[in-house]
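Read the structure below first, then the notes.
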Amino acid sequence: MRIAVLKERRPHETRVAATPDSVRALKKLGAEISVAVEKDAGAAAGFSNEAYEKAGAVLAADAAGAVKDAGLILKVQRPLLEVEGHDELAGVRPGAKLVALLSPHNAKNSLFAYAQKKVDAFALELIPRITRAQAMDVLSSQSNLAGYRAVIEAAHVFNRAFPMMMTAAGTVAPARVMVMGAGVAGLQAIATAKRLGAIVSATDVRMAAREQVQSLGANFVMVEDEESRQAETSGGYAREMSEAYKQKQAALIAETIRKQDVVICTALVPGRPAPRLVTDAMLASMKPGSVVVDLAVEAGGNCEGVEAGKIVLRHGVKVVGIHNLPSRVPADSSSLFARNIVNFLGLVVGQDGNLCIDWEDEIMKSVTLTRDGQVVHSQFRAS
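Mapping of the sequence shown onto this note's numbering: position 231 corresponds to residue 272, and the numbering continues sequentially without gaps.
Quick look at the structure:
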């Protein structure tokens with residue numbers, strides 16, 4: 042079987058779906074497996090064409106050459122379609138499997154394009170958060186790096202130091218950092234800010250996050266009531282809260298946030314616009330020179346006034362809305378993403394190197410969007 046690895050063409054994307062190390066792992070999945078990597082697919086992440094060739098891959102001049110006769114197509118983000126000016130699936134054979142972050146909630150029309158081409162599409166962001174799937178969880182691996190990078194970006198634009206410093210000329214007070222949302226990205230942001238010497242607090246709607254936050258040395262800020270005890274879904278994600286709870290939480294956050302130097306916003310609800318956590322009034326209460334970094338900017342943002350791809354000054358506060366933070370550390374994010382894919386393909390590829398899929402497997406049922414020319418996922422069939 043031939044596996045195709047395509048170059049990413051969407052704006053702000055520097056990652057690649059396979060590294061030279063993962064190419065070696067892919068070839069070990071079966072004796073008859075070959076890997077075709079589009080030329081310069083890994084260049085932005087620091088992986089040369091020569092490195093892929095040394096790992097046993099065959100270089101393809103373009104996407105069409107890579108996907109020709111391929112049974113599996115690997116990408117980071119969903120492929121461009123003809124209506125977007127470039128058809129990355131041109132020449133794909135019927136029955137080929139596409140594995141990528143496919144954004145099914147935001148790009149539903151693409152699902153029908155996959156079905157029309159008879160491509161079986163697997164959305165990696167829909168991998169369930171169960172123990173067996175942890176090694177395949179691309180959202181967790183990428184969020185980890187996003188949380189880390191968010192703090193680095195905050196430190197870059199902050200006009201003071203993070204740690205306390207005792208000098209003969211006087212004492213530099215530590216920065217106060219608040220992390221909003223204690224999922225994977227938030228917890229890594231807490232850990233990174235602590236390592237930089239900041240005084241850190243964090244908030245989350247899930248009561249279960251308290252212990253994790255406190256174990257990292259941060260103070261936990263949360264309105265505690267009956268609703269907050271039911272705020273986590275069975276899949277481990279934050280549940281959308283009522284307006285009454287949001288008002289109580291906002292009042293507590295408003296009191297806390299005015300004392301902060303840096304705020305890192307990480308709150309996302311799958312398939313929904315990002316919840317608004319930081320209002321313009323809250324920004325106005327913060328000290329001039331403070332910084333807000335919003336990881337949810339591409340889903341509408343947690344902070345009022347955030348703009349994707351820009352640093353906006355509001356009431357003297359720098360509001361940072363950087364696109365695709367994992368792509369700021371593309372070598373590591375690509376390596377983790379590629380390893381997630383290799384682990385996922387253990388469900389797709391048999392020992393002989395051919396496709397062998399258990400369509401009733403819990404993980405496969407969760408990620409399969411299209412199959413045999415039809416949109417089959419229960420959330421998107423009727424759309």
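Glycine included, each C-beta is placed from N, C-alpha and C at the ideal position. The structure displayed is predicted, hence computed values, not measured ones.
- Comparing alpha carbon positions, the residue from 333, 225 and 339 closest to residue 356 is 333.
- Contact between residue 350 and residue 364 holds, since their C-beta atoms are separated by about 5 Å, short of 8 Å.
- In this model, residue 84 and residue 258 are separated by some 39 Å (Cα to Cα).
- A residue is called buried when at least 16 other Cβ atoms come within 10 angstroms of its Cβ; residue 387 does not meet this threshold and is exposed.
- A direct Cα-Cα distance of roughly 38 Å separates residue 70 from residue 249.
- For residue 397, the number of other beta carbons within 10 angstroms of its own is below 16, and it is reported as exposed.
- When DSSP assignments are scanned along the stretch 323-347, the uninterrupted stretches of beta strand (DSSP E) that are 3 or more residues long and fall wholly within it turn out to be 332-335.
- Closest by C-alpha distance to residue 92, out of 72, 114 and 63, is 63.
- A buried status is given to residue 177, since no fewer than 16 other beta-carbon atoms sit within 10 Å of its beta-carbon.
- Residue pairing by DSSP puts residue 211 in a beta bridge opposite 208.
- In the assembly as shown, residue 173 is an exposed residue. Its beta-carbon has fewer than 16 other beta-carbons within 10 Å.
- Residue pairing by DSSP puts residue 411 in a beta bridge opposite 416.
- Classified as buried, residue 76 has 16 or more neighbouring CB atoms from the shown chains inside 10 Å of its CB.
- Taking 7 Å as the cut-off, the beta carbon of residue 255 is found no closer than this to the beta carbon of residue 185.
- Scanning its chain for C-beta atoms nearer than 6 Å, with the 5 sequence neighbours on each side dropped, one finds around residue 127 the residues 121, in chain order.
- Pairing residue 299 with residue 327 gives a Cβ-Cβ distance under 7 Å.
- Between the stretch 142-149 and the stretch 94-101, the count of C-beta pairs closer than 8 Å stays below three; the two stretches do not touch.
- According to DSSP, residue pairing for residue 261 in a beta bridge involves 243.
- Annotated as distal: residue 410 and residue 58, with beta-carbon spacing of 7 Å or more.
- Here DSSP, grouped into helix, strand and coil, assigns residue 141 to strand.
- Residue 395 is classed as exposed because its beta carbon has fewer than 16 other beta carbons within 10 Å across all chains shown.
- Contact annotation: residue 51 and residue 190 have beta-carbon atoms that are not nearer than 7 Å.
- Taking 4 residues as the minimum length, the alpha helix (DSSP H) runs contained wholly in the stretch 110-193 are 149-157, in order along the chain.
- In the DSSP assignment, residue 352 forms a beta bridge with 361.
- The continuous beta strand (DSSP E) containing residue 45 extends over residues 43-46.
- Going by DSSP, residue 73 is part of no alpha helix (DSSP H) at all; its letter is neither H nor E.
- Residue environment for residue 55: buried (at least 16 other C-beta atoms within 10 angstroms of its C-beta).
- Residue nearest to residue 383 within the set 233, 310 and 113 is 113 (criterion: CA-CA distance).
- Rounded to whole angstroms, the separation of the alpha carbons of residue 66 and residue 319 is 44 Å.
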